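Participant: One line per chain: the protein sequences are P and V, in this order. Position one of the first sequence corresponds to residue 9 (my numbering), numbered consecutively onward. Position one of the second sequence corresponds to residue 10 (my numbering), numbered consecutively onward. A virtual CB, placed ideally from N, CA and C, is assigned to each residue, including glycine. Because the structure is a prediction, the values reported are computed rather than measured. Below is a structure I'd like to ask you about.
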Amino acid sequence: MAETAISHGHDVGHGAHSSTGLSNNKLGMWMFLGSECLLFGGLISTYMLYKGRVNAGPQPDQIFDIPFTSVSSFILLMSSLTMVLAVSAAQRKDERNMNLWLVITALLGATFVGGQVYEFTAFYREGLGFTTSLFGSSFYTLTGFHGVHVSVGIIMLMALVGMNRNKRIPGDRAEVVELVGLYWHFVDIVWIIIFTLVYLIPS
Amino acid sequence: MTIIDRPSTDVAIAGGAPAGVKPSEALGVFKRPAASTSWRDWVVTVDHKKLGIMYGVTAFFFFIVGGVEALLIRLQLIAPDGKVLNADQYNQMFTMHATTMVFLFVMPMAAAFANYFVPLQIGARDVAFPRLNAFGFWCFLFGGLFLNSSWFLGGGADGGWFMYAPNSSTLFSPSLGIDFWTLGLQITGIASLTGAINLIVTVLNMRAPGMKMMRMPIFTWMVLVTQFLLLFAIPVITVALFLLTFQRSFDATFFDVASGADPLLWQHLFWIFGHPEVYIMILPSFGIISEVLPVFSKKPLFGYPIVAMSGAAIGFVGWGVWAHHMFASGLGPVSVTVFSMATMAIAVPTGVKIVNWVMTMWGGKLSFTVPMLFAIALVVQFTIGGLSGVTHAVAPSDTQQTDTYYIVAHFHYVLFGGAVFGLFSGFYYWWPKMFRRQLNEGLGKWNFWLMVIGMNLTFGPMHILGLQGQPRRMGVWTEARAGEGFFNFGFWNQIASIGSFILGFGVLLFLVNVIYTHKSKKVAISPLDPWDARTLEWMTHNPPQEHNFDTIPTVGHLDEFFHRKYETDASTHAVKQVHSAEEVMAELNAHPDEHIHMPSRSYWPILLALSLPVIAYGLIYNRMLMAVGAAMTLLTMFGWSMEPSTSPDDDFDPPAPGEGGGHTKELSPLG
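In structure tokens form, the structure reads like this:
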């Protein structure tokens, strides 16, 4: 059953029939990520414009807890490493390790999102609401959008594990894992930019 | 929902009657829908040609909606002290007219042609992601209906199509119109984004053997550039729309000037999207007439690589000119100078194209068919609009013109005289390909001339009105303020209004022509190659079979079809026809591919798209409904990913007995 479906995947999916040599799916994912750059570009620009505009409530440097966010950033970056290990296991057809690393990646991602939820709660208690100031609105919007991206990534990872268990990953499995990996690394890279611009560079 | 098994007729098999087929065990929640001839097939189809037609029909419907809105605007201004609309209705009317024409007519109509003809022009059997393609169409339809449902739920958006902040805040626009506007455009934006990814991958990846980039028809080239513009422009408007939604629905402060917000933020975000958007609308039409002009001039396109590259150049430079929409906002001299220069620069590749089109016609054997007339009209009218555009690039002059009717005149010359004429040229040119019948030439000429005369009568006087100072979006004029003399504001407004009704009548004649062509017994079936065309889409049946090509052609030339029909004598350079279109087709299809597996139909695209307006209504009316919509989205996405894009092999007909190894051609795995 699934095996025959896979044979379909190989056909256009790989080299021979595609004009660029990249599979349709991979090229499509790259295009999507290119588009996402502009999405975060717009959100980051909005934040950079508004970060100093605090009419009410706390200033950025009054509430940011750099050590805490550094730790959660480190956890997110480590999840990129485990994602690479998952892709590599998938390419070696090492199913056990692939599942293991996918789950660990998802857990690391969930830890990051959990940290973000904690951070948002703490900021809210310290007086920074979504509507408090321009800084508040743009901070929550930018980091919130990133958090939603990480959460979507976690859903994709868990779906991969579940679908793999039922042998329902269509097409080339190693490539599907790689595509989720591309998305995951992209979200991590965006966080490096956000962390630097929002937390590290003083306003 | 009816659940149908897959009958064997579902499978497209070239050369050979299908034998028995084993209906598949569905991998998703539903069994896969099967082919049928009823309306159901249109709901579950993933065929790029059917989706192209659906895009076209829906876009034309919205064209009429937007056209009626335009006529109401002109009716209001036909006489002093207009009483047709009150001020509030007038605001809604011009906002929704522009929004409908831009997002629900020109863009999706270009998508209709792109969907239908790009795979045919590059020699592919379908697009890269067929289900995503269907999803895009349904997002466009539901987004458009959602947007227009605001008319019945408290009134349409009223902030003008660029919805400047802070005028778009709940303080100045308390009705729900703008909420419908932001969410509706968000949904149609998803359609554009998925369409862009799909078409880019299709063009880059699925070209027939030998179809190098520099052998692609110009229409395909222009669609490719357009899709890249969409890919990078849509996320920017997405951000802007999210910020506005958060402001209006969740009291965020992004455009709240009292909290220190900068109203220019919206303007920048909107126009970073908005200016590429202008090229998104015009480039597909440029592509269409670059196909039409050579065919009816009996000459190859003059300077093909230059036309392709100037299109790409417009695409690049188009990102650096957005602030010319904001010259009056006080950007400062440096910004104004830079954007002024860039705007003048972009006129160069555009002018290059016009030169190429004129040189294509120069010395050609012109035949003035209706598609050719529309194409020539585009060259003429767009040039007028382009020249008034260059006057906006000069910042001091633009400061005088900003928010006057001169601007309205300019963009209607480039959009109606440019984009819309190109689309009409495409209707007449490709109608026999899509529907087997040629639209009536006589009615078509009436259609054409009424549209050209109507358009110039409507938008021509607006130059004069604008330069004399009539503000854009002015809802009422009075006799006392119309000025002195016979040729005063009142006179020109009346001319423009009369012109708009001539224009409307011209468009109506197109519909009459369509009905006449398909109802009248006198209209014969069109020959295979009615125009003596040059490109691959004409190497298929009229209309093309579901799998487009029995055999994928191997491409050796630009204008492949022409080179298969004609030979050039080496010594005399005389071109003579050596094969008829029928002979070329017969030769190509002498050894058809066997066992072509087309992507299978699916319920998921329409279901997933249906969940989006549920979320949007939920956001406006009831947060619980939003949760329901979000759950629908997740479930349908899950069902989608569980369903392989092409049914497994044992779903299809087994090879007929006695046949050896056929060439199995399959389409994309995911999507």
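State the start and end residues of the unbroken alpha helix (DSSP H) segment that holds E488(V).
Facilitator: Looking at the DSSP string, E488(V) is not in any alpha helix (DSSP H), and its letter there is neither H nor E.
Participant: If you measure beta-carbon to beta-carbon, which residues of the stretch 63–84 of chain P are closer than 7 Å to chain V?
Facilitator: N63
Participant: Kindly list, in the order they appear in chain P, the residues whose Cβ is closer than 9 Å to that of F138(V).
Facilitator: N32, N33, G36
Participant: Cβ closer than 9 Å: which chain P residues qualify as neighbours of T563(V)?
Facilitator: Those do not exist, as T563(V) stays about 13 Å from chain P at its closest Cβ, beyond 9 Å.
Participant: Mind pulling the chain V residues with CB within less than 8 Å of R61(P)?
Facilitator: S268, G269, A270
Participant: Can you give me the Cβ contacts of A166(V) inside the same chain, cut-off strictly under 6 Å, excluding the 5 residues immediately before and after it?
Facilitator: T104, G186, I187, W190
Participant: Taking 7 Å as the cut-off, decide whether the C-beta atoms of T549(V) and N598(V) are in contact.
Facilitator: no
Participant: Would you say F241(V) lies against chain P (beta-carbon separation less than 7 Å)?
Facilitator: Yes, F241(V) lies at the interface with chain P (some Cβ there is under 7 Å from its Cβ).
Participant: Just to confirm the assignment, what range does the alpha helix (DSSP H) spanning Y288(V) have?
Facilitator: 273–306
Participant: If I follow the unbroken beta strand (DSSP E) through E576(V), where does it start and stop?
Facilitator: 575–577
Participant: Within 7 Å of any Cβ in chain V, is that where the Cβ of L165(P) sits?
Facilitator: no
Participant: Compare the Cα-Cα distances from A423(V) to each of M231(V), G469(V), M223(V) and report the closest residue.
Facilitator: Contrary to the premise, residue 423(V) reads as Val rather than Ala in this sequence. With distances taken between Cα atoms, V423(V) lies closest to G469(V).
Participant: Between S338(V) and Q276(V), how many whole angstroms is the CB-CB distance? I'm expecting something under 8 Å.
Facilitator: 6 Å
Participant: Suppose the cutoff is 7 Å on Cβ atoms and the five residues either side in sequence are ignored; what does the same chain contact list for I71(P) look like?
Facilitator: Scanning its chain for C-beta atoms nearer than 7 Å, with the 5 sequence neighbours on each side dropped, one finds around I71(P) the residues F131, E134, L136, in chain order.
Participant: According to DSSP, is H604(V) part of a helix, a strand, or is it coil?
Facilitator: In the structure shown, H604(V) sits in coil (DSSP, three-state: anything other than H, G, I, E or B).
Participant: Got a sec: is the Cβ-Cβ distance from L89(P) to anything in chain V below 7 Å?
Facilitator: With 7 Å as the cut-off, L89(P) does not count as an interface residue toward chain V.
Participant: Any beta-carbon of chain P closer than 7 Å to the one on F557(V)?
Facilitator: For the sequence presented, residue 557(V) should be read as Asn rather than Phe. By this cut-off, N557(V) is not an interface position.
Participant: Alpha carbon to alpha carbon, how far is V66(V) from I507(V)? Give it in angstroms, no decimals.
Facilitator: 28 Å
Participant: May I have the straight-line CA-CA distance separating L676(V) from V92(P), to the nearest angstrom?
Facilitator: With a pLDDT of 44 at L676(V), under the threshold of 50, the predicted position of this residue should be treated as unreliable, though the coordinate-derived value follows. Going by the C-alpha atoms only, they are around 29 Å apart.
Participant: Name, going along the chain, the residues of the stretch 116–138 of chain P whose beta-carbon falls closer than 8 Å to a beta-carbon of chain V.
Facilitator: Result list: F138.
Participant: What's the gap between the Cα of V30(V) and the Cα of K58(V)?
Facilitator: Any reading at V30(V) must be qualified, since the residue scores a pLDDT of 33, below 50, and its modelled position is unreliable; no value is offered.
Participant: Nearest chain V C-beta to L142(P) closer than 7 Å, yes or no?
Facilitator: yes
Participant: Do we get a CB-CB distance below 7 Å when we pair L47(P) with the residues of chain V?
Facilitator: yes
Participant: Alpha carbons only, please: which of F336(V), T346(V), L213(V) is nearest the one belonging to L3(V)?
Facilitator: The structure shown has nothing for residue 3(V), since chain V only spans 10 to 680.
Participant: So which of C148(V), P218(V), G204(V), M215(V) has the shortest CA-CA distance to F237(V)?
Facilitator: G204(V)
Participant: Determine the chain P residues that contact P244(V) at a beta-carbon separation under 9 Å, and present them in chain order.
Facilitator: Here the neighbours are S43, E44, C45, L46, L47, F48, G49, G50.
Participant: Look at the Cβ atom of R83(V), then the Cβ atom of N557(V), and state whether they are nearer than 7 Å.
Facilitator: no
Participant: How should E180(P) be labelled, buried or exposed, when 16 other C-beta atoms within 10 angstroms of its C-beta is the threshold for buried?
Facilitator: Checking the sequence, you will find Asp at residue 180(P) rather than Glu. D180(P) should be labelled buried.
Participant: Is the beta carbon of R543(V) sitting closer than 7 Å to the one on F571(V)?
Facilitator: Contact flag set, yes.
Participant: Strictly under 7 Å for the Cβ-Cβ distance: is R632(V) near chain P by that measure?
Facilitator: Chain P contact via Cβ: absent.
Participant: Can you pull the chain P residues whose beta carbon is under 8 Å from the beta carbon of V210(V), in chain order?
Facilitator: N32, L35, G36, M39
Participant: Indicate whether L292(V) and T235(V) have their beta-carbon atoms separated by less than 7 Å.
Facilitator: yes
Participant: With 16 as the cutoff for other CB atoms within 10 Å, does L36(V) come out buried or exposed?
Facilitator: Low confidence applies to L36(V): its pLDDT is 44, below 50, so where it sits in the model is not reliable, and the reading given next is rough at best. Looking at its Cβ environment, which holds 16 or more other Cβ atoms inside 10 Å, L36(V) is buried.
Participant: Let's test the definition: count the other Cβ atoms within 10 Å of the Cβ of L97(V) and tell me whether it reaches 16, buried, or not, exposed.
Facilitator: In the sequence as presented, Leu is not what sits at residue 97(V); that position holds Asp. Looking at its Cβ environment, which holds fewer than 16 other Cβ atoms inside 10 Å, D97(V) is exposed.
Participant: Just checking: is the beta-carbon of R176(P) within a distance shorter than 7 Å of some beta-carbon in chain V?
Facilitator: yes
Participant: Just how far apart, CA to CA, sit V364(V) and N456(V)?
Facilitator: 27 Å
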